Every structure is written in C-alpha cells, then in structure tokens.
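Student: One structure is given below, represented as structure tokens, and several questions about it will come after.
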Amino acid sequence: MKPNITSLEADAAGSRDLAVTHANLEIPADDPIGLDSGIEFGPVNIAYNTYGALNTDKSNAILICHALTGDQHVANKQPLTGKQGWWTHLVGPGKPIDTDRYFVICPNILGGCLGTTGPASINPETGLPYGLKFPVITIGDMVEAQARLIDHLGIDQLFAVVGGSMGGMQVLEWASRYKDRVYAAVPIATAAWHSSQNIAFHEVGRQAVMADPNWLRGDYYSGGVVPRNGLAVARMAAHITYLSEDALHEKFGRNLQDRADRTFSFDADFQVESYLRHQGSTFVDRFDANSYLYITRAMDYFDLAAENNDVLANAFRGTRTRFCVVSFTSDWLYPTRESREIVQALNAVAANVSFVEIESNAGHDAFLLDEPEFFATIRGFIGSCAQKRGLTSAGKEA
Amino acid sequence: MLGKAEVGQQQRGRVDHLLIAEMVAPGSRVLDVGCGDGELLQLLADTKAVDGRGVELSREKVNACVARGLSVIQGDADDDLDDYPDQAFDYAILSLTIQATQRPRRVLENLLRIGRRAIVSFPNFAHWRIRAEILFNGRMPRSDSLPEAWYNSPNSHLCTIRDFIELCEQLDVVVEEAVAFNSSGRRLPIERSLSLQNILGEKAVFKLRQRQPVSSE
Numbered sequence: 231m232k233p234n235i236t237s238l239e240a241d242a243a244g245s246r247d248l249a250v251t252h253a254n255l256e257i258p259a260d261d262p263i264g265l266d267s268g269i270e271f272g273p274v275n276i277a278y279n280t281y282g283a284l285n286t287d288k289s290n291a292i293l294i295c296h297a298l299t300g301d302q303h304v305a306n307k308q309p310l311t312g313k314q315g316w317w318t319h320l321v322g323p324g325k326p327i328d329t330d331r332y333f334v335i336c337p338n339i340l341g342g343c344l345g346t347t348g349p350a351s352i353n354p355e356t357g358l359p360y361g362l363k364f365p366v367i368t369i370g371d372m373v374e375a376q377a378r379l380i381d382h383l384g385i386d387q388l389f390a391v392v393g394g395s396m397g398g399m400q401v402l403e404w405a406s407r408y409k410d411r412v413y414a415a416v417p418i419a420t421a422a423w424h425s426s427q428n429i430a431f432h433e434v435g436r437q438a439v440m441a442d443p444n445w446l447r448g449d450y451y452s453g454g455v456v457p458r459n460g461l462a463v464a465r466m467a468a469h470i471t472y473l474s475e476d477a478l479h480e481k482f483g484r485n486l487q488d489r490a491d492r493t494f495s496f497d498a499d500f501q502v503e504s505y506l507r508h509q510g511s512t513f514v515d516r517f518d519a520n521s522y523l524y525i526t527r528a529m530d531y532f533d534l535a536a537e538n539n540d541v542l543a544n545a546f547r548g549t550r551t552r553f554c555v556v557s558f559t560s561d562w563l564y565p566t567r568e569s570r571e572i573v574q575a576l577n578a579v580a581a582n583v584s585f586v587e588i589e590s591n592a593g594h595d596a597f598l599l600d601e602p603e604f605f606a607t608i609r610g611f612i613g614s615c616a617q618k619r620g621l622t623s624a625g626k627e628a
Numbered sequence: 167m168l169g170k171a172e173v174g175q176q177q178r179g180r181v182d183h184l185l186i187a188e189m190v191a192p193g194s195r196v197l198d199v200g201c202g203d204g205e206l207l208q209l210l211a212d213t214k215a216v217d218g219r220g221v222e223l224s225r226e227k228v229n230a231c232v233a234r235g236l237s238v239i240q241g242d243a244d245d246d247l248d249d250y251p252d253q254a255f256d257y258a259i260l261s262l263t264i265q266a267t268q269r270p271r272r273v274l275e276n277l278l279r280i281g282r283r284a285i286v287s288f289p290n291f292a293h294w295r296i297r298a299e300i301l302f303n304g305r306m307p308r309s310d311s312l313p314e315a316w317y318n319s320p321n322s323h324l325c326t327i328r329d330f331i332e333l334c335e336q337l338d339v340v341v342e343e344a345v346a347f348n349s350s351g352r353r354l355p356i357e358r359s360l361s362l363q364n365i366l367g368e369k370a371v372f373k374l375r376q377r378q379p380v381s382s383e
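If you read the sequences in order, they're chains C and E.
If you're matching positions, the first sequence starts at 231 in our numbering and goes up one per residue.
If you're matching positions, the second sequence starts at 167 in our numbering and goes up one per residue.
Below, the structure is given as structure tokens:
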C-alpha cells in the first residue's frame with residue numbers, strides 16, 4: 231500500500247494553509263468490483279484526496295464527484311499543470327463547502343488517469359497497460375468503486391455527495407443506489423440520462439481520437455507517441471459545448487489573434503481558434519486518450535430511468551435524502567429542462583428537494599466559475615442540512 | 167426604501183401568515199405554493215417545527231429561499247402541482263396566490279389532492295373599499311393588497327368570499343375553518359354573517375379538505 235502524503239498548501243486566496251492528504255486504496259484482485267457489464271474487475275487502485283478532519287462519529291464527510299476531465303485535486307494545485315484545483319471557489323477553509331467543518335473526500339474516478347485504475351494502468355495478466363482490454367465501465371461502476379472507498383474509511387452515511395456534470399450523474403446514482411448512505415445530494419448542471427445530442431458530441435470526440443494514426447487501436451503506451459492531435463480535436467469540439475454563444479461572442483467576437491489582418495491561410499487568425507487550439511494542446515498534456523474514450527462511453531450509457539423500469543421516479547422511491555438540484559440558464563449541454571425532469575421525479579415520490587436555476591451566460595462551464603449566487607445557494611443548502619443533521623460548526627455531532 | 171403601501175401590505179401579509187400558522191398542526195408536512203421569499207415557511211418552521219417545502223415562480227426569490235436553508239423549487243402552481251403524489255403533505259398552502267393562477271379551480275383541486283388539508287388565502291374583491299371605488303369613482307380598484315394597475319396586474323382571477331364558497335360547494339369540499347379579516351388585521355369569523363364578512367373582510371383564509379379523502383398508502 232502506498233503511503234498517505236499530507237501536505238500543507240496555500241488555499242486559493244493564498245491566505246490560509248489547507249491540509250491535503252493524497253492517499254490510495256488498493257482493492258485486491260480477490261475482492262473484485264462487480265461491474266455493470268458482468269465482469270468481476272480487480273485489482274483496482276483508487277487515488278483520492280481528503281481535506282479537513284473526519285469527526286468522531288464520522289458524520290461530516292462530503293464526497294465530491296468530479297466531471298469528465300476533472301480529477302481528485304478539487305481544492306489544491308493540480309500537480310501536472312500547477313494550476314489551482316478545479317473547485318477552489320467552492321471547496322476550502324471558509325468556503326461554501328467548508329473544509330474547517332467537513333471532511334471532504336475527492337477520488338479520481340474508475341477509468342481515470344490520475345492514479346485510479348484506468349486503461350493506462352498495468353494489466354496484471356499481461357504486465358502491459360490495459361489499453362482496449364480495459365472493461366467498458368458505467369457511472370454505476372464508478373459509484374461502486376467510490377462506495378468501496380467510503381466503506382474503507384468506515385463511513386456509514388455520507389453527509390453530502392456533490393458533483394457537477396458527470397459528477398452530478400454520480401451524485402444521482404449514489405442517491406439511487408445507496409439511499410441510506412446519502413444524507414444530502416447536490417446534482418449540479420447534470421441530467422438523469424445522456425441526451426442524443428450529447429452522445430453525438432462524444433462520438434465526434436471518440437472518432438477524432440481513433441482517427442489519429444498514433445492511437446494504434448489504443449496500444450500507444452509503449453511507443454512514446456500518443457494520439458495528441460486526435461485527443462486535442464476531441465477536446466476542442468467538447469470545449470465549445472461547455473461554453474455558450476454569448477460567452478464566445480463576448481470573449482472573442484471576431485477578434486483577430488496578434489495580427490492586424492487576415493493572413494489568407496489556415497493559421498489561427500481568429501482569437502477563438504487560437505483559444506481552442508490552446509485548450510486542445512494543454513489538455514493532451516494531462517489526460518490519457520483511452521481514458522477519454524472510456525469515460526465518455528460511461529456517460530453515454532448513463533440512463534437512470536432505464537435502470538429503473540423506465541420510470542425515473544422509481545430511482546428515488548423511498549428516499550429520505552435532501553436534494554438540491556442546480557442548473558444554469560445558458561447551459562445547453564445539460565439544460566434546465568433536464569434538471570427539471572429530475573425535480574419532477576423527486577416530487578413524484580415526495581422527496582425533499584430544492585431546485586434553483588442560476589442566471590449565467592457562461593454555459594455549462596458556469597458550475598466551475600465564480601458565480602456568487604450559486605455559492606450562496608450551496609452555502610445555504612449545506613448549512614441548513616448540517617443544522618438538521620445536528621452538525622455543529624466545529625464539524626462535531628451536537 | 168419601502169413605500170407606505172408596501173409597509174401596509176407587509177403587515178397585513180403577516181396577519182394572513184399568522185392566521186395560517188394557527189391552522190397548522192405542529193410537526194406536520196407542509197407545501198407552500200407561491201412561497202415568495204419564504205416568510206411563511208420560516209414562520210412555520212420556527213413556530214410549528216413543520217417539515218416545509220415551497221414552490222415559487224420568481225427565480226430570485228427561490229434562490230434567496232434556498233440560500234437561507236428552505237427547501238424550495240422554482241415552478242408554478244398551474245404547471246408543477248401535477249407532479250406531486252396524492253396526500254403527500256398534511257397541508258398544501260396557497261397564500262394570496264390563487265387570484266394570479268391561470269386555472270384556479272384546477273389548482274385548488276390539486277391542492278386538495280396533494281394535501282390532506284388545503285389552506286387558501288385570497289384578497290376579497292367584494293370588500294367595501296373595492297365596491298366603493300367602482301361604484302363612486304368608476305375605476306378598477308387599487309389597494310394595498312391589489313397594488314397594480316389593471317394593465318399590469320398579475321391577478322387574472324379575482325374573486326369574492328361568496329364566490330370562493332360557491333366554488334368549494336361545486337367541488338364538494340368541506341370548509342373546516344374560514345376567517346376573514348379587515349384592513350387593520352382584525353379577525354371576522356365568517357360563520358357569523360356571510361354577507362357582512364363579504365363586505366368587511368379585506369382578505370380571507372380557508373381551511374379545506376376533501377369530503378372523502380383519497381385513501382393513502
């Protein structure tokens with residue numbers, strides 16, 4: 231077992247030290263995870279970060295589920311990019327998800343590429359990276375792996391499970407599979423099933439990767455050359471879906487990039503082209519192409535209604551979890567309509583649900599940005615749940 | 167700064183809320199449809215320890231409610247009540263909102279289906295000031311409880327106490343309690359004289375239930 235490493239890092243404002251523990255859970259091959267595909271899969275390593283302290287009765291744990299290209303570095307510097315964690319606005323000392331009060335756990339998902347077992351990990355049967363021998367996984371499989379981690383940490387019930395986009399899908403899956411283990415659930419900018427349009431965009435991304443001659447049917451790990459171009463194109467196409475027309479227009483308009491006039495070439499004349507190329511190339515440095523294929527597939531397969539006899543409400547029948555569903559006005563990838571479907575299903579079983587739509591023109595990405603109204607919502611919801619759960623401000627049971 | 171009319175409205179809003187709170191049993195499950203900024207839900211949580219939920223049309227108000235820890239969804243009485251199961255709540259409350267719904271009868275039926283009891287308050291359009299305004303000035307009445315001009319009022323289905331009782335009879339609903347109150351917030355129990363209350367009552371609060379409640383699981 232790899233040792234846990236705890237380090238002190240300045241929080242986003244640079245003012246407070248934030249204790250981060252980087253840890254791993256090794257699930258042995260003789261205790262495999264039963265995947266939705268029927269495969270018994272193991273061994274599995276789960277790389278995860280924790281922040282804050284677990285209280286004595288283990289009632290103050292918040293699980294953060296990351297999105298497609300996110301990772302466990304939710305509130306600390308990402309080691310590969312050196313950039314601040316992806317949710318430092320929301321998670322940290324004194325933040326809406328307050329690491330002074332709560333024990334925050336953020337694992338890298340199954341199939342990921344930052345420490346948790348994924349297609350780039352070594353297949354013990356061959357001694358080589360899995361590549362396409364990695365099993366096709368689902369959102370439910372990711373949640374099963376997380377449940378093993380929560381078991382390992384000795385936590386019966388999570389105080390809250392929070393996540394946006396694909397993270398929100400995991401939140402819904404948690405709330406459906408483990409009704410008694412989730413006190414509060416916050417699915418953000420997400421949907422109970424992946425829409426045809428979203429599957430279509432993902433397919434474009436996957437085909438871009440697979441069309442790259444360096445992809446080698448997923449067997450590119452030994453050659454030292456990775457399918458950079460394919461993955462970069464996939465990221466560029468996906469990135470457009472994370473923004474909105476208004477946001478693109480405001481940010482770039484038809485502005486030219488470092489030049490006075492068109493070059494009459496296929497250079498990145500326009501700022502928006504330059505921006506997307508940059509997004510594509512920096513993404514490739516931190517992400518594995520096969521992971522991208524597997525994780526997008528898992529999202530495409532997600533359909534919480536289909537898992538419950540085509541009635542979404544069945545997924546939540548008997549739930550006592552408190553839900554806070556959040557959407558953003560300009561998000562066309564996971565539009566408010568799809569959040570409302572979740573709310574309707576929750577109402578149909580008389581669940582305790584709040585639903586807010588936050589006004590923003592940032593598109594789907596709004597859930598990662600500095601949106602004060604969003605933070606006020608999360609702070610209020612989590613705070614009131616803590617009160618009802620009997621958690622005092624020190625994170626201890628009252 | 168609050169104008170004089172708004173202050174008056176707030177105070178009377180509280181009278182309406184206090185009367186509703188009196189009708190609610192402690193520890194019950196409550197749905198407040200058109201909950202605004204959550205004032206009534208907060209009052210019921212503080213004084214009656216209810217398990218409360220709200221539905222509100224205005225996005226800003228919903229967000230404010232959730233930020234203060236109330237369970238509220240963005241939605242409206244006409245469209246979103248159909249989703250709720252029968253008898254999901256002890257009380258379904260519609261406070262000064264029915265006159266702004268598109269299909270008040272349908273909304274009322276839904277409230278009676280969702281809640282074991284429905285509590286409805288509304289401004290009485292037969293109040294003497296309103297009658298006088300039409301009779302003597304020949305204009306659409308405006309008051310603290312009906313502040314908007316006719317062309318931008320959200321109130322498309324105003325009614326009187328007598329009208330409301332008639333609808334209850336049509337729906338074969340049991341009126342368990344009915345209280346009218348005047349513009350200074352004084353209670354006028356409706357049983358005494360309907361005609362008088364219909365003149366003196368500025369607003370009314372009704373507690374209703376279905377004659378034969380839907381059997382619950």
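By construction, the Cβ of each residue, glycine as well, lies at the ideal position given by its N, Cα and C atoms.
Since this is a predicted model, take the numbers as computed values, not measurements.
1) Looking at C-alpha atoms only, which residue of C:Ala578, C:Cys554, C:Val250, C:Glu256 is the closest neighbour of C:Thr420?
2) Name the chain C residues whose beta carbon is nearer than 8 Å to that of E:Asn229?
3) Roughly how many angstroms separate the alpha carbons of C:Gly397 and C:Cys295, rounded to a whole number?
4) Do C:Ala545 and C:Ile369 count as a contact pair if the criterion is CB distance below 7 Å?
5) Could you run through the stretch 230 to 245 of chain E and flag, in chain order, every residue whose CB is less than 9 Å away from some CB of chain C?
6) Using beta-carbon positions only, say whether C:Gln376 and E:Asp249 come within less than 7 Å of one another.
7) Within its chain, find whatever has a CB closer than 8 Å to the CB of C:Gly460; leave out the 5 residues flanking it on each side and keep chain order.
8) Taking all protein chains shown into account, do 16 or more other C-beta atoms lie within 10 angstroms of the C-beta of E:Arg358, making it buried, or fewer, making it exposed?
9) My output table needs one value for C:Asn290: the three-state DSSP class, helix, strand or coil.
10) Could you pull the start and end residues of the alpha helix (DSSP H) that C:Thr607 belongs to?
11) Check whether the stretch 301 to 309 of chain E touches the stretch 269 to 279 of chain E, taking contact to mean three or more Cβ pairs, one atom from each stretch, closer than 8 Å.
12) Compute the beta-carbon to beta-carbon distance between C:Ile588 and C:Glu568, rounded to the nearest angstrom, for a pair I have assumed lies under 8 Å.
13) Mind reading off the beta-carbon distance from C:Ala477 to C:Gly357? Whole number of angstroms is fine, and I expect it under 8 Å.
14) Exposed or buried, C:Arg436, counting other C-beta atoms within 10 Å across all chains shown (16 or more means buried)?
15) What is the DSSP secondary structure of C:Arg550, counted as helix, strand or coil?
16) Hey, out of C:Ala283, C:Arg465, C:Gly393, whose CA is closest to C:Ile385's CA?
17) What did DSSP end up calling C:Asn582 once you bin it into helix, strand or coil?
18) Tell me whether E:Glu383 sits in a helix, a strand or coil according to DSSP, three-state version.
19) E:Arg279 versus chain C: which residues are under 7 Å apart at the beta carbon?
20) Report the neighbours of E:Ala215 on chain C: residues whose CB is nearer than 9 Å to its CB, in chain order.
21) Please name the residue, chosen from C:Phe496, C:Asn254, C:Ala297, C:Ser395, that lies closest to C:Asn279 on a Cα-to-Cα basis.
22) Report yes if the CB atom of C:Phe333 is closer than 7 Å to the CB atom of C:Pro349, and no otherwise.
23) Hey, would you say C:Asp530 sits closer than 7 Å to C:His382, going by beta carbons?
24) Could you name the residues of chain C that E:Pro313 contacts, counting a contact when the two beta carbons are closer than 8 Å?
25) Scan the stretch 248 to 259 of chain E for residues whose Cβ lies nearer than 8 Å to a Cβ of chain C and list them as they occur along the chain.
26) Using only alpha-carbon positions, find the residue among E:Ile327, E:Val339, E:Thr213, E:Glu314 that is nearest to E:Leu184.
27) Check whether the Cβ atoms of C:Pro262 and C:Glu270 lie closer than 7 Å to each other.
28) Please compile the residues from chain E whose C-beta is within a distance smaller than 8 Å of the C-beta of C:Val583.
29) Any C-beta of chain E sitting closer than 7 Å to the C-beta of C:Gly610?
30) I'd like to know whether the C-beta of C:Gly625 is nearer than 7 Å to at least one C-beta of chain E.
31) For E:Arg219 and C:Arg552, I'd like the C-alpha separation in whole angstroms.
32) Which one or two residues does DSSP pair with E:Glu343 in a beta bridge?
33) Looking only at its chain, what residues have a beta carbon closer than 7 Å to the beta carbon of E:Ala171, apart from the 5 residues adjacent to it on each side?
34) Which residue or residues does DSSP assign as beta-bridge partners of C:Glu270?
35) Are C:Gly454 and C:Leu362 closer than 7 Å when you measure CB to CB?
Tutor: In this structure, then:
1) C:Cys554
2) Val586, Ile588, Glu603, Ala606, Thr607
3) 4 Å
4) no
5) Ala230, Cys231, Val232, Ala233, Arg234, Gly235, Leu236, Ser237, Val238, Ile239, Gln240, Gly241
6) no
7) Ala438, Val439, Met440, Ala441, Asp442, Asn444, Trp445, Ala519
8) exposed
9) coil
10) 602 to 619
11) no
12) Not confirmed; about 15 Å, so no contact.
13) The pair is not a contact, with the Cβ atoms about 47 Å apart (cut-off 8 Å).
14) buried
15) coil
16) C:Ala283
17) strand
18) Bear in mind that the predicted position of E:Glu383 carries a pLDDT of just 43, short of 50, making it too unreliable to give a figure here.
19) By Cβ distance, chain C contributes nothing, its closest Cβ being about 13 Å from E:Arg279, past 7 Å.
20) Residues of chain C passing the Cβ test: none, with the nearest at roughly 11 Å.
21) C:Asn254
22) no
23) no
24) Here the premise fails: no neighbours, minimum Cβ distance about 26 Å.
25) Asp249, Tyr250, Pro251, Ala254, Phe255
26) E:Thr213
27) yes
28) Arg219, Ser237, Ile239
29) yes
30) Only weak support exists for where C:Gly625 lies, its pLDDT of 45 falling under 50; the value from the coordinates is given anyway. It does not; no Cβ of chain E falls within 7 Å.
31) 11 Å
32) E:Lys373
33) Confidence at E:Ala171 is low in this model, with a pLDDT of 39, below 50, so its placement is unreliable and no value can be given for it.
34) C:Gly264
35) no
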